[in-house]
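Residue numbers (our numbering): 2 to 620.
Every residue, glycine too, gets a C-beta built ideally from N, C-alpha and C.
Read through the structure below, which is laid out as structure tokens, and then see the notes.
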RNA sequence: GCACCCUUAGCUCAGAUGGAUAGAGCAACAGCCUUCUAAGCUGUGGGUCGGUGGUUCGAAUCCACCAGGGUGCGCCA
């Protein structure tokens, strides 16, 4: 089942990608207010401690305060530099307060707690973001953190043995959103799909398609008779192969069978059938991906790679490097398989690169293991010049990550980093009851069924409402609910409300409103500034999520943003004078509209990362 | 046996390279609203962050050990 095979087996969290180390700090994002204030703090700090080591300065952060009573932002500058400066944090903090108070952005600064410096900004510094957001549009929040790092995100990579099912879906959405996120954060991203079309599974699939072919040409064989002839038995009984059988029949008539319409020698039909079946399945999968809104740049075929000799070549190279030997592995302790017997194997010295045991590259029949081909595939990716490779995998491949990491390390002389992002199983619930997937019967919940039931946008959003490596329950009823507990609805609704206000505004005030040029000084109240503060956090949210490789953070941010907006809206429910649109206050209305428009921009921007289409109105 | 992952409010989950009094939704409780700015609003209670020890000015976060749960462990992909 390809790399997503995993998705059926429960498996809790495994491996969290370590945040990448930054060789050098990328240029500050000019629209990130927090980054700007950090520069201000650093400049002040440099005055106080002229010889502060760069690595200490790098640890200085300016963060949103949890509690508004502490001001708008806080910095740990005094605490992190205390040791190097050989001064008490309180003393440095006091000096910082002196330097920072009354600056262009900062209204007041005060020392607090163990050495924090709390900053209260001038409201106009926050307000000034609105025209910036409106001018930049959805580019607001984009950053240069990635600094053009070439990064390859490989995801889905399901075996082409049938239509995509729900198990594949999470990896597809997480991988796609992660790629979008990295792109927004300034990485040079390639989205890739690895077609696992070279293994025994595909051969089994071809047999199954061949059975449909025999049926199509009217073979007298029964399924039982046929199955008895199939090595490993007849798998893949799904009806989706019937069309493949018919196509074969139309193209080849009875030429792929014996004269009495029985099973011909595999040499006659296996390759032909395999090719046609894989193509047909990939066409289905591509259509599934399209419906899910996933568009990958590159599809790499394991078969083609092997046929081109890539696997042999890389094994040879590793051999030349002395990283391959013939050896005998120890049986796993405590749980030795019944049929275990010591056997010399071709092994890769993955332990030299951090793996637990050395890993076999050849099966006993002389063919390559999946791992051997996968080394070749990763070598191919390395040769394409990426700095970072990310494999989005089913969680049961957790144990696989360390060996592929080892391989990439060996191939690239440690110049390319491989990261695994593991996606946990998704349990589908309907009416509170689990929806069972019965694959053996050939009928299971396909991705297409799911998309028809709840729609692409709800699927994508919901898949991102949990950390990738945490199990999740996907409640079909809740995903369609129109209440606050459904984040998809709640966020979409906020956007629709923004659009609704803007539509109404266009009627109330005909002509170009030029919101980017609006005077926004009248936005002074708490709920307005709270909302603007949230908008101010969008760039740093993108950055942090990208560095942590955690696209789900975007979903949580949007939920919080929506909550801030709904709160503002709700005030107008009780008190009509607090509504956005006041025909007798064109100037104030325009300021509020700028806020509303900026909110809509950021919501759209976030949804775009998630691959979710914003709605203009709730229907 | 070994490796890795997980354990946060009654439930489902957030929690930023270690930061201040650990947050949200649901549920519970108390009010409000019956609207077209439809598909609720406001507030309250609720916690030994699995346990113990350690590092630190400071730990849900890092380290060690322990308990409970999960996944993987040669020729599956």
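Taken in chain order, the unbroken stretches of alpha helix (DSSP H) that lie wholly in the region 579-617 and span 4 residues or more are 587-611. Look at residue 291 here: in three-state DSSP terms it is helix.
Every alpha helix (DSSP H) of 4 residues or more that sits fully in the region 128-213 is shown, in chain order, as 130-137 and 167-185. Pairing residue 422 with residue 376 gives a Cβ-Cβ distance that is not under 8 angstroms. Under DSSP, the beta-bridge partners assigned to residue 428 are 474. In this chain, the alpha helix (DSSP H) harbouring residue 35 covers 34-49.
Annotated as proximal: residue 183 and residue 547, with beta-carbon spacing under 8 angstroms.
DSSP, read as helix, strand or coil, puts residue 326 in strand. When DSSP states are grouped into helix, strand and coil, residue 447 belongs to the strand group. About 18 angstroms separates the CB atoms of residue 165 and residue 243; that is not less than 8 angstroms, and the two are not in contact. In this structure, 569 is the residue among 370, 569 and 324 with its C-alpha nearest to the C-alpha of residue 594. Per DSSP, the beta bridge partners of residue 395 are 424.
Runs of beta strand (DSSP E) with 3 or more residues, each lying fully within the region 508-586, are absent. The residue from 33, 87 and 155 with its alpha-carbon nearest to that of residue 387 is 155. C-alpha of residue 606 to C-alpha of residue 142: approximately 8 angstroms in a straight line. Of the residues assessed, residue 326 falls on the exposed side of the cut-off, its CB having fewer than 16 other CB atoms within 10 angstroms. DSSP, read as helix, strand or coil, puts residue 350 in coil. In this structure, residue 354 sits away from residue 362, with a CB-CB distance that is not shorter than 8 angstroms.
Distance between residue 478 and residue 446, taken at the CA atoms: about 16 angstroms.
If you draw a straight line from the Cα of residue 505 to the Cα of residue 481, it is about 27 angstroms long. The alpha-carbon separation between residue 573 and residue 70 amounts to approximately 26 angstroms. Residue 61 has its alpha-carbon roughly 35 angstroms from the corresponding atom of residue 394. Inter-residue distance for residue 383 and residue 409 is about 8 angstroms (C-alpha atoms, whole angstroms). In this structure residue 536 touches residue 130 by the C-beta definition: roughly 6 angstroms separates them, less than 8 angstroms. Taking C-beta atoms under 8 angstroms as the contact rule, residue 543 and residue 185 qualify, at a distance of about 6 angstroms. Here residue 178 is actually not in contact with residue 489; their C-beta atoms are around 14 angstroms apart, not less than 8 angstroms.
In this structure, the beta-carbon distance from residue 452 to residue 292 falls below 8 angstroms.
With respect to the C-alpha of residue 174, the residue from 163, 158, 579 and 580 having the closest C-alpha is 158.
With respect to the 8 angstroms criterion, residue 104 and residue 80 are not classified as neighbours on the basis of their beta carbons. Taking C-beta atoms as the reference points, residue 199 and residue 77 fail to come closer than 8 angstroms. For the pair residue 75 and residue 63, the Cα-to-Cα distance works out to about 6 angstroms. Buried is the label assigned to residue 613, since at least 16 other Cβ atoms lie within 10 Å of its Cβ.
Inclusion of residue 467 and residue 33 in the CB contact set at 8 angstroms is not warranted, their separation being larger than that value. Contact check for residue 283 against residue 132 fails: the beta carbons are separated by 8 angstroms or more. Comparing C-alpha distances from residue 603 to each of 590, 534, 588 and 189 shows the shortest one belongs to 534. Within the DSSP secondary-structure output, residue 119 pairs in a beta bridge with 75 and 111.
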